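Take a look at the structure below.
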Amino acid sequence: MDKLTMFLKENNTPFDIGIINNGYYHKLLKPFKDKQVIRFKWKKNSINKLLSNLTKIGIILKENALGYYNALYDIVGTNNQIFIIYAVDSHVQLPKLLLKNYRTGDNLFYLNTSSNKIIKSSAGKYNTSFGYYSLAFEEYLSVNYEKIISSIIKLFIPFINQEVTTITLKDLNKNINKLFFMALIRNPKYIKEINEHSLTAQLFDGGYDAEYLAITGEKMNTNFIKGYTPVPLVNTTNKNLVTIKSLVSNLYIDGGIECMVMLLHPKIAIALVPNEYYKKMIEEQGQQTYLQLNEENALIRMNKQIYNCAKFNNDDVIGIKEDLNDLIEYINKQGGKDEHKK
10 MDKLTMFLKE
20 NNTPFDIGII
30 NNGYYHKLLK
40 PFKDKQVIRF
50 KWKKNSINKL
60 LSNLTKIGII
70 LKENALGYYN
80 ALYDIVGTNN
90 QIFIIYAVDS
100 HVQLPKLLLK
110 NYRTGDNLFY
120 LNTSSNKIIK
130 SSAGKYNTSF
140 GYYSLAFEEY
150 LSVNYEKIIS
160 SIIKLFIPFI
170 NQEVTTITLK
180 DLNKNINKLF
190 FMALIRNPKY
200 IKEINEHSLT
210 AQLFDGGYDA
220 EYLAITGEKM
230 NTNFIKGYTP
240 VPLVNTTNKN
250 LVTIKSLVSN
260 LYIDGGIECM
270 VMLLHPKIAI
280 ALVPNEYYKK
290 MIEEQGQQTY
300 LQLNEENALI
310 RMNKQIYNCA
320 KFNNDDVIGI
330 KEDLNDLIEY
340 INKQGGKDEH
350 KK
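For the sequence shown, this note's numbering assigns the number 10 to the initial residue and increments by one for each residue that follows.
Written out as structure tokens, the structure reads:
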């Protein structure tokens, strides 16, 4: 196994060693000497190249079980095995589908709130890490998370373009609750906090990961937005809303009502308002109630609030470059004033 572990270290590939028992892999702190399974992540379309490179250093592999998401190989001449988890370059927090809406041309710009510098990236590369999620979990996120974002945006675009005058929101509470949960699960800080404060986490292969918490969390069917009602927030100005890497920001509206906002598109967001405030909105506006930004100054002030939340959490602000420039100019003029107190 020394040749194999050296090869993986030279290729900057993290790995662990354990056993497979009853079809399940278990990582071990002290692996058995006579029978070991080494587990690591690799790109599916590069497997043949991997096998060829291992053959060159004297490691011959024989197929044991090949699946769509992983593969198990026997190391010829030993009792050891290789367990490969197929992986890709994962977008850790915000999916590419959402980031594409904030591009300026072919580039994606974000504001580093520590330095207040605007940095150029791309929707395909921003906040990515190879193997952060498995290929299986990437597909899970696509179906259970990104599909909801896409459907909400498609629903609102005709309304913003004044092609329709009303919209019907189906299962909004359920879908936004799921989005809120996924935003938590995709936040490494949230995962770290759970592992630091959970007595059982350290017994689970050294700590829980996002994939395990997502699957178990959905089974629990927890209402993460209890006490709040999701309300559409529509931007009808010529300027654009920004978003943040963690997707959800705190926000104050209507003279100090504290709520949260899920920033999905430069023109579309979902505000989570207190239930009592929502009742007031219904009384004043009827069942088709929503929040609207129709003044550019109000939008810039809201972007400043979003920036404040991001800075407090050492997060990035992502947006159209012109809007990020406007935000920096406004920050420099206003200093550290709290927008909701105005």
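Think of the CB as a built atom: it goes at the ideal place given N, C-alpha and C, for glycine as much as any other residue.
Treat the numbers as computed from the prediction; the structure is a model and nothing was measured.
Given residue i, which residues of its chain have a CB within under 6 Å of its CB, disregarding the five upstream and five downstream residues?
i, result
"Tyr141", "Ser99, Val101"
"Leu260", "Cys268, Val270, Gln314"
"Ile127", "Phe118, Leu120, Leu333"
"Glu155", "Pro104, Leu106"
"Leu222", "Ile194"
"Ile234", "Asn186, Phe189, Leu281"
Does DSSP put residue i in a helix, a strand or coil?
i, result
"Ser130", "strand"
"Asn334", "helix"
"Met269", "strand"
"Leu324", "According to the sequence displayed, residue 324 carries Asp and not Leu. In this structure, Asp324 counts as coil in the three-state DSSP scheme."
"Phe190", "helix"
"Lys350", "Below a pLDDT of 50, predicted positions are generally treated as unreliable, and Lys350, at 43, falls in that range; no measurement from the model is reported."
"Thr177", "coil"
"Thr64", "helix"
"Lys39", "coil"
"Pro23", "coil"
"Thr434", "An answer regarding residue 434 cannot be provided, because it is not within the stretch 10 to 351 covered by the chain."
"Ser137", "The question names Ser, but residue 137 in the sequence shown is Thr. In this structure, Thr137 counts as strand in the three-state DSSP scheme."
"Thr14", "helix"
"Leu383", "As shown, the chain starts at 10 and ends at 351. That puts residue 383 outside it, with no answer to give."
"Leu103", "coil"
Tell me, to the nearest whole angstrom, how far the beta carbon of residue i is from that of residue j; I am working on the premise that it is less than 8 Å.
i, j, result
"Tyr299", "Val257", "Rounded, the Cβ-Cβ distance is 18 Å, inconsistent with contact."
"Val46", "Leu70", "Contact doesn't hold; Cβ gap of about 13 Å is too wide."
"Pro241", "Leu281", "With 8 Å as the limit, Pro241 and Leu281 do not qualify as a contact, their Cβ atoms being about 11 Å apart."
"Ile157", "Ile277", "About 13 Å separates the two Cβ atoms, so there is no contact after all."
"Asp325", "Ile253", "7 Å"
"Ile194", "Tyr217", "With a Cβ gap of about 10 Å, Ile194 and Tyr217 do not count as contacting."
"Leu13", "Ile56", "Not really, about 15 Å apart at Cβ, beyond 8 Å."
"Ala80", "Lys52", "Actually they are not in contact, since the Cβ atoms of Ala80 and Lys52 sit about 12 Å apart, beyond 8 Å."
"Lys44", "Asn88", "5 Å"
Can you have a look at residue i and say buried or exposed, based on whether 16 or more other CB atoms are within 10 angstroms of its CB?
i, result
"Pro167", "exposed"
"Met229", "exposed"
"Leu302", "buried"
"Phe118", "buried"
"Ile291", "exposed"
"Phe41", "exposed"
"Val251", "buried"
"His274", "buried"
"Ile224", "exposed"
"Met191", "buried"
"Ser255", "buried"
"Ile66", "exposed"
"Gly328", "buried"
"Asp335", "buried"
"Phe146", "buried"
Bridge partners for residue i per DSSP, in chain order?
i, result
"Leu70", "Ile84"
"Leu242", "Ala278, Leu300"
"Gln90", "Val46, Asp83"
"Ser143", "Ala96"
"Arg112", "Leu117"
"Ile29", "Tyr34"
"Ser258", "Val270"
"Pro283", "Tyr237"
"Thr252", "Ile327"
Counting only the same chain and skipping the five closest in sequence on each side, list residues whose C-beta sits under 7 Å from that of residue i.
i, result
"Lys350", "Reliability fails at Lys350, whose pLDDT of 43 lies under 50, so the model's placement of it is uncertain and the value that follows must be treated cautiously. Within the same chain, Lys350 has no close Cβ partners at all."
"Glu72", "Tyr82"
"Ser123", "Asn323"
"Lys129", "Asn116, Phe118"
"Leu17", "Phe24, Phe49"
Below 8 Å CB to CB, which residues in the same chain sit around residue i once its five sequence neighbours on both sides are set aside?
i, result
"Gln343", "Lys313"
"His35", "Gly27, Ile28, Ile29, Asp214"
"Ile266", "Val282, Pro283, Tyr286"
"Thr137", "Asp98, Ser99, His100, Val101"
"Gly226", "Phe190, Ile194"
"Tyr135", "His100, Leu103, Leu108, Leu117, Tyr119, Ile327"
Check whether the Cβ of residue i lies closer than 7 Å to any heavy atom of the ligand MG, and answer yes or no.
i, result
"Asn186", "With respect to small molecules bound, the structure shown includes none, and the ligand MG cannot be examined in it."
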